[in-house]
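Student: Residue numbers 0 to 287, in numbering that gives the first Met the number 0, belong to the letters of the sequence shown in order.
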Amino acid sequence: MYQGIYGNSKKHESDLDQVIIRALQAGLDKIIITAGTHQETIQALELCAKHDNLFTTCGYHPTRCNEFNDSNENEILNQMMALFQKHPKKIVAIGEFGLDYERTQFCDIDQQKRYFEFQLKHLITLNKPLFLHNRAASKDLYDILHKYRDQITAGGVVHSFDGTLEEALKFIELGYFIGINGCSMKTQTNLDVIKQLPLEKILVETDAPWCGIKQSHASYSHVKTQFTSDMVKKEKWIAGKMIKDRNEPCTIIQICEVIHSIRGKQESFDDLCETIYLNTQRLFFSAE
Ligand SMILES: [Zn+2]
0 MYQGIYGNSK KHESDLDQVI IRALQAGLDK IIITAGTHQE TIQALELCAK HDNLFTTCGY
60 HPTRCNEFND SNENEILNQM MALFQKHPKK IVAIGEFGLD YERTQFCDID QQKRYFEFQL
120 KHLITLNKPL FLHNRAASKD LYDILHKYRD QITAGGVVHS FDGTLEEALK FIELGYFIGI
180 NGCSMKTQTN LDVIKQLPLE KILVETDAPW CGIKQSHASY SHVKTQFTSD MVKKEKWIAG
240 KMIKDRNEPC TIIQICEVIH SIRGKQESFD DLCETIYLNT QRLFFSAE
């Protein structure tokens, strides 16, 4: 989408550089790209080489686990291992990987479980944090993480969280952060869960270009900073404008604003942001 390509059709020229400039102007100082295959990590590393502020993950998303089979699994693993070893500063997490039981059309549950565990078992030896995807699969994800709990030394985040409070607290108890984005705050039930989470266990994310906060979401009324006046439809793109329904890193302030509001402003907005920032630093950049 930041290349101007939506589905298979090109709607405008690439504006990735402008997206990154807007993010830096909004105060972000580091951005983690979430790759979902070995090939996506290679593409992300090309961007990382051009921008000091960019970092990436390395792993196979549950919807991409059909790329593994008995005869190539070790080869793919070795390719990933080689990338981690070659780019120890730019690859800051293992992932995005995990389980997605809402989109089993791409990869069935048995294959997802098999290759989540396969990646986990081998890659945790790298001592990197885990960037975890979880859709309607909390129990199985928890069980696999629990099985390897003594070998997992660098913690991780369950990103784009939209589960129950009980599920969140179990992941927290096991040592994980909970990642909150626009998709985590669509309903009032979601908001009631998030407001009960300890701030020291929350991370924020955009999941851009996905998961922007929409007017129909329960979170919307809590947002203060609006970008709509800077947005145009993709067909009408002109330089310097954001695109309607395409999310960007600069909107991350909205996630913080919603969390601040639903927590009843029990701490100042700056203190809330500072705590979440330090959580992020501690998880992904503590080796610096
Ligand atoms: Zn995800």
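Glycine residues also receive a C-beta, built at the ideal position from the N, C-alpha and C atoms.
1. Relative to ligand 1, is the shortest distance from any of its heavy atoms to the C-beta of Glu165 smaller than 7 Å?
2. Given a threshold of 16 other Cβ atoms within 10 Å of its Cβ, counted over all protein chains shown, does Asp161 qualify as buried or as exposed?
3. Nearest-angstrom Cα distance between Phe67 and Gly154?
4. Hey, how far is the Cα of Ile201 from the Cα of Lys232?
5. Do Val203 and Ile251 have their beta-carbon atoms positioned less than 8 Å apart in this structure?
6. What is the rounded straight-line gap between the Cα of Lys290 and the Cα of Val257?
7. With a threshold of 7 Å (Cβ to nearest heavy atom), would Ser159 be considered close to ligand 1?
8. Would you mind reading off the limits of the beta strand (DSSP E) that contains Leu27?
9. Check Phe117 in the structure and name its three-state DSSP category.
10. Can you tell me the Cα-Cα spacing of Tyr175 and Tyr59, whole angstroms?
11. Out of Cys255, Phe284, Gln280, Thr279, point me to the one whose CA is closest to Leu271's CA.
12. Looking at the secondary structure, which residues open and close the beta strand (DSSP E) in which Val156 lies?
13. Quick one: what does DSSP say Val203 is sitting in, helix, strand or coil?
14. Can you tell which of Ala34, Pro208, Leu122 has its C-alpha closest to the C-alpha of Arg245?
Tutor: By the coordinates alone:
1. The residue you call residue 165 lines up with position 166 of the sequence shown. Not under cutoff, so the answer is no.
2. Start at 1 with the first residue of the sequence shown, and residue 161 comes out as number 162. Buried, since its Cβ has 16 or more Cβ neighbours within 10 Å.
3. Here residue 67 corresponds to residue number 68 of the sequence shown, with the count starting at 1. Here residue 154 corresponds to residue number 155 of the sequence shown, with the count starting at 1. Roughly 25 Å separates the two Cα atoms.
4. Your numbering for residue 201 matches position 202 in the sequence shown. Your numbering for residue 232 matches position 233 in the sequence shown. Taking the straight line from one Cα to the other gives about 33 Å.
5. Counting from one through the sequence shown, the residue named residue 251 turns up at place 252. Counting from one through the sequence shown, the residue named residue 203 turns up at place 204. Closer than 8 Å, so yes.
6. Not covered by the structure: residue 290. The range shown for the chain is 0 to 287.
7. Mapped onto the sequence shown, residue 159 falls at position 160. Because some heavy atom of ligand 1 lies under 7 Å away, the Cβ of Ser159 counts as near it: yes.
8. Position 28 of the sequence shown, counting from 1, holds the residue named residue 27. Taken as a continuous stretch (DSSP letters only), Leu27 belongs to no beta strand (DSSP E), as it is neither H nor E.
9. Translated into positions along the sequence shown, residue 117 becomes position 118. The answer is helix: DSSP assigns Phe117 an H, G or I state.
10. Taking the first residue of the sequence shown as position 1, residue 175 is located at position 176. Taking the first residue of the sequence shown as position 1, residue 59 is located at position 60. Distance between the alpha carbons of Tyr175 and Tyr59: 20 Å.
11. The sequence position of residue 271 within the sequence shown is 272, counting from 1. Selected option, being the one with the closest Cα: Cys255.
12. For the purposes of this step, residue 156 is taken as residue 157 along the sequence shown, with counting starting at 1. Val156 -> beta strand (DSSP E) spans 155-158.
13. Residue numbering aside, residue 203 sits at position 204 when the sequence shown is read from its first letter. Val203: strand per DSSP, three-state reduction.
14. Taking the sequence shown and counting its residues from 1, the one referred to as residue 245 is at position 246. With distances taken between Cα atoms, Arg245 lies closest to Pro208.
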